[in-house]
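The structure appears below as structure tokens.
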Amino acid sequence: MPETTVTKTTSQSGDREIEQYKTTVPKALAESFGLEGKKLDWEVKSGNKFELTIVKDE
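Below, the structure is given as structure tokens:
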């Protein structure tokens with residue numbers, strides 16, 4: 001499975017600073033799960049693991 005890197009971005013909104021983190025989903029995973037435009041739910045599982053769940057369309 002490919003590894004990806006997390007990137008931190010910072011921007012200003014009025015008088016506050018906004019920090020966000022982003023990563024890239026490997027193409028094969030994104031295509032096989034049909035992730036384009038999907039909402040994802042993130043849940044911490046342990047100190048070094050999290051679970052990503054595709055939110056079902058209503």
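14 is the number that full-length UniProt numbering gives to position 14 of the sequence shown; each next residue is one higher, with no gaps. Think of the CB as a built atom: it goes at the ideal place given N, C-alpha and C, for glycine as much as any other residue.
Chain D within 8 Å of E36, Cβ atoms only: The chain inventory of the structure shown lacks chain D, comprising one protein chain alone.
Identified DSSP bridge partners for K9: Along the sequence shown, read from residue 1 onward, the residue named residue 9 stands at position 9. The displayed chain sequence assigns Thr, not Lys, to residue 9. Q20, per the DSSP bridge assignment.
Range of the contiguous beta strand (DSSP E) that encloses K45: Walking along the sequence shown from the start, residue 45 turns up at place 45. First-last of the beta strand (DSSP E) with K45: L40 to S46.
Coil, strand or helix - E31 by DSSP: Within the sequence shown, the letter at position 31 stands for residue 31. Three-state result, E31: helix.
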